[in-house]
Amino acid sequence: MRALFDPAELTPSRFYRLLTASVMPRPIAWVSTVSADGVANLAPYSFFTVASSEPPVVQFTSVGRKDSLRNIEATGEFVINVASVPLQALVNDSAAYFDADADEFTELEIRREPSERVRPSRVADSPIAIECTLHRVIEVGNSFVVMGDVVTVAVRSEVLAADGLPDSAAVAPLSRLGRREWGLPPAVIELERPTAPPKPTEAS
275 MRALFDPAEL TPSRFYRLLT ASVMPRPIAW VSTVSADGVA NLAPYSFFTV ASSEPPVVQF
335 TSVGRKDSLR NIEATGEFVI NVASVPLQAL VNDSAAYFDA DADEFTELEI RREPSERVRP
395 SRVADSPIAI ECTLHRVIEV GNSFVVMGDV VTVAVRSEVL AADGLPDSAA VAPLSRLGRR
455 EWGLPPAVIE LERPTAPPKP TEAS
């Protein structure tokens with residue numbers, strides 16, 4: 275038996291809470307931008323994923339028109355900093371409302387470093403920073419899907435594994451679940467991807 279939830283019968287805020295408690299875990303894009311006037315901004319977004327691998331495009335969704343979106347539309351650039359366990363308190367603090375002329379890096383004493391290809395700074399202590407230029411913004415209902423062309427991925431050397439790729443244990447990625455819940459790095463198993471459909475077993 276299942277409980278059924280009709281979006282027409284619930285308030286938008288209630289259905290939002292249902293969706294975020296259903297679609298989980300969600301990786302966190304800690305998005306750094308800069309305004310046309312040069313004011314830095316840093317905010318977390320948990321509606322985040324890869325949109326395309328060739329060309330490489332990543333995306334995050336802004337529920338409502340926020341400073342990050344306005345800055346990206348004005349400058350065409352942003353950085354997605356991967357949120358990791360040591361940064362959890364700062365990521366959470368940066369979700370608070372700040373005035374548009376406030377610099378979250380300064381307000382929260384978050385270490386920054388210059389990016390390679392775009393103007394917004396990277397979070398210095400983030401294990402992975404994905405530098406992007408604006409691909410497009412798609413308005414969907416009350417939200418805006420922001421797609422970025424990846425121009426550089428900057429990975430801290432200490433989180434690289436022997437194969438040259440980021441090691442999940444070293445990255446220690448955070449995720450969002452429902453309500454006020456956060457996900458810590460999950461247990462990991464390895465499975466070979468099948469090259470053909472598995473054959474059904476014969477009934478005994």
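The sequence shown runs 275 to 478 under this note's numbering.
Using N, Cα and C, we set each Cβ at its ideal position, and we do this for glycine too.
Quick caveat: nothing in here was measured; it's all calculated off a predicted structure.
Please report how far the alpha carbon of Met-298 lies from the alpha carbon of Val-392, in whole angstroms. 31 Å
Would Ser-417 and Glu-405 be called neighbours here (beta carbons separated by less than 8 Å)? no
Check the C-beta distance from Val-356 over to Ile-402 and give it rounded, since I have them as a contact under 8 Å. 4 Å
In three-state DSSP terms, what is Val-305? strand
Residue nearest to Arg-450 in terms of C-alpha spacing, selected from Thr-307, Pro-318, Phe-279 and Phe-289: Pro-318
What are the boundary residues of the alpha helix (DSSP H) that includes Glu-378? 378-381
Over the uninterrupted beta strand (DSSP E) stretch that includes Glu-347, give me the two end residues. From DSSP, Glu-347 is part of no beta strand (DSSP E) but of the alpha helix (DSSP H) over 341-349.
Close beta carbons around Glu-432, own chain, < 7 Å, minus the five adjacent residues each side: Ala-444
Coarse secondary structure for Asn-315, derived from DSSP in three states: strand
Which value, in whole angstroms, describes the spacing of the CA atoms of Asp-363 and Leu-382? Here residue 363 is Ala; the residue named in the question, Asp, does not match the sequence. Their Cα atoms are separated by approximately 10 Å.
Can the beta-carbon of Val-414 be found closer than 8 Å to that of Val-420? no
With distances taken between CB atoms, is the gap from Gly-422 to Phe-352 smaller than 8 Å? yes
Where does Val-424 sit, in a helix, a strand or coil, going by DSSP? strand
Kindly list the residues whose CB is nearer than 8 Å to the CB of Ala-295, restricted to its own chain and excluding five residues on each side of it in sequence; keep chain order. Leu-451, Gly-452 and Arg-453
So for Arg-430, helix, strand or coil by DSSP? coil
Reducing DSSP to helix, strand and coil, say where Ser-478 ends up. Note that Ser-478 has pLDDT 49, beneath the 50 cutoff, so the model's placement of it is unreliable and the number below is only indicative. Looking at Ser-478 - three-state DSSP - the assignment turns out to be coil, as it is neither helix nor strand.
For the putative contact between Glu-378 and Leu-316, defined by C-beta atoms under 8 Å, what is the C-beta separation to the nearest angstrom? 4 Å
Taking C-alpha atoms, which residue in Asp-311, Thr-323 and Leu-278 lies nearest to Val-305? Thr-323
Between Val-397 and Ala-446, what straight-line distance do the alpha-carbon atoms span, to the nearest angstrom? 16 Å
Could you tell me the alpha carbon to alpha carbon distance between Thr-407 and Arg-291, rounded to whole angstroms? 31 Å
Roughly how many whole angstroms lie between the Cα atoms of Ser-478 and Val-359? The predicted model places Ser-478 with a pLDDT of 49, which falls under 50 and marks its position as unreliable, so this point remains unresolved.
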